[in-house]
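Note sheet for the following structure.
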Amino acid sequence: MSLSARNLLMVGLPETGKTTFLAALYHVVEAGTVPAALQLASVPAKRDYLNQIRRTWSSCLAQEHTRAGSRFDVRLSLRDPITNAIAEVVFPDVYGELFNEQYAHREWAQEYDDLVSSSVGMLLFLHPAKIRPPATIRERLDLQQELAGSAQPGPPSVVDRGANSGPTFRAEAPTILPAQSYSDWTPELAPTQVELVELLQFIRVRRRDVNVLPLAAVVSAWDLVPEPAPSVEKWVAQQLPLLSQYLVANADAYRTAYYGVSAQGGDLHRDLGELQNRIEPTERIIIVGEGCVAHDLTAPVRWLMN
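Residue numbers for the sequence shown follow my numbering, so the first one is 155 and each next one is one higher.
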C-alpha cells in the first residue's frame with residue numbers, strides 16, 4: 155500500500171542532534187540490520203547528502219554544522235515490515251539558528267509556513283548539554299546587588315522585644331536596579347524552555363487545521379544522563395518543567411511521546427576506541443521510550459506515521 159508524502163517537521167535549537175539522527179536513521183533503514191525497524195522501500199532519488207552524513211556518522215566523526223541558509227529535504231520511502239505499509243516521509247533538515255531567528259524576530263519564510271501547515275507530525279530535539287537554565291529570583295536579586303555594588307542581602311535580622319514577647323523578624327529590603335541595568339539583554343539569552351514553548355506556540359497558531367499534531371520529544375545524547383536514568387518524560391519534567399507543563403496543558407494541540415536517543419552511542423572523544431570497534435554501526439545506537447526495541451532508531455518515526 156503506497157501512501158502520499160508525509161511531512162515530519164524537525165524542530166531543534168542549534169547542535170541538538172538533528173543531522174546526526176538523520177544520518178543514523180538512514181543507515182538503519184538502508185542496512186536492514188535491525189529486524190523490527192522500518193526499511194527503505196526504494197532508493198532515494200537524491201541521496202548525496204544522505205550518503206555524506208551517513209559516512210561521517212559511520213566513521214565516528216562529528217557532523218559538520220548545517221550552514222545558515224541551507225536546507226536539505228530528506229525524502230525516504232519507508233516500509234513497515236510488520237504491516238507492509240509504505241509511506242514517503244519528508245524530513246526538512248534545516249539549520250538550528252533558524253529557530254533562534256524565529257524566536258528573536260517573530261517571523262519566518264512563507265516556505266516554512268507551508269511546511270508547518272502540511273506537517274503530520276513533529277520531532278522536537280532536546281540536548282542535555284545545550285540547555286540554558288532560567289535564573290531563580292534569589293539568583294536575580296544577588297546579581298542585582300552585585301551589579302549595584304552593594305553588599306549581599308543577609309538573612310532577616312532578629313529584633314529582641316524582651317522576655318515577654320517572642321522575637322520578630324525584619325527582612326532587609328533588596329536594592330532594585332533601574333531599568334537600564336537590563337539593557338544588555340537579548341532574546342538569545344532567554345532560557346531554553348522559554349524559547350521552545352514560544353516556538354511551539356508559533357506552530358500552533360499558524361497551523362491551518364484543528365487536528366492534534368503528534369509530537370515525538372527526542373532527547374539526544376541520552377548517554378549523558380546519569381544512571382539510574384529516569385524515564386524520558388520524567389527527565390523532561392525535571393530539566394524543562396515549563397516545556398513539560400505546556401505539553402500537558404495543551405494536549406488538545408500536541409499528543410506527545412518521549413524518546414531518549416544516543417545515535418553515536420557515546421562521547422566521540424572519550425569513547426572513540428570502543429565505538430570504532432563495533433563492526434556494525436547500528437549496535438552503537440541507544441534508544442529508550444515508547445515501543446522501542448534495541449537499536450531501532452525508527453521507533454519515533456513509526457509512532458508519528460501511525
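Every residue, glycine too, gets a C-beta built ideally from N, C-alpha and C.
Judged by their CB atoms, residue 451 and residue 439 are nearer to each other than the 7 Å cut-off. Given a length threshold of 4 residues, each whole run of the alpha helix (DSSP H) inside the segment 158-244 is given here in chain order: 172-185, 202-212.
Boundaries of the beta strand (DSSP E) around residue 373: 367-373. Cβ-Cβ distances below 8 Å link residue 360 to 267, 270, 271 in the same chain, with the five nearest sequence neighbours on each side left out; the list follows chain order.
Taking C-alpha positions only, residue 235 is separated from residue 294 by approximately 54 Å. As DSSP reads the structure, residue 279 sits in a beta bridge with 166, 372. A contact is defined here as three or more CB-CB pairs under 8 Å, and the segment 368-377 meets this definition with respect to the segment 442-460. By the C-beta density criterion, residue 454 is buried, having at least 16 other C-beta atoms within 10 angstroms.
Note on residue 182: 16 or more other CB atoms within 10 angstroms of its CB, so buried under the neighbour-count rule.
Here residue 247 carries a strand assignment [DSSP, helix/strand/coil].
Cβ contact annotation for residue 436 (same chain, cutoff 7 Å, sequence separation greater than five): 181, 182, 185, 187, 188, 449, in chain order. Ranked by Cα distance from residue 347, the options 400, 300, 374, 357 are led by 400. Taking residue 190 as the centre and dropping the five residues before and after it, the same chain places the C-beta of 447, 450 closer than 6 Å to its C-beta, in chain order. Rounded to the nearest whole angstrom, the CA to CA distance from residue 254 to residue 397 is 16 Å.
Of the candidates 339, 407, 403, 407 places its Cα closest to the Cα of residue 364.
One Cα belongs to residue 381, the other to residue 172, and the distance between them is close to 24 Å.
Distance between residue 416 and residue 390, taken at the CA atoms: about 16 Å.
With the rule of 3 Cβ pairs closer than 8 Å, the segment 255-263 does not count as touching the segment 198-211.
Under DSSP, residue 441 forms a beta bridge with 415.
Pairwise C-beta distances place the segment 161-169 out of contact with the segment 414-430, as fewer than three of them are shorter than 8 Å. When the Cα atoms are used, residue 301 and residue 277 turn out to be separated by approximately 41 Å. Shown here, residue 272 sits in a helix according to DSSP, grouped into three states.
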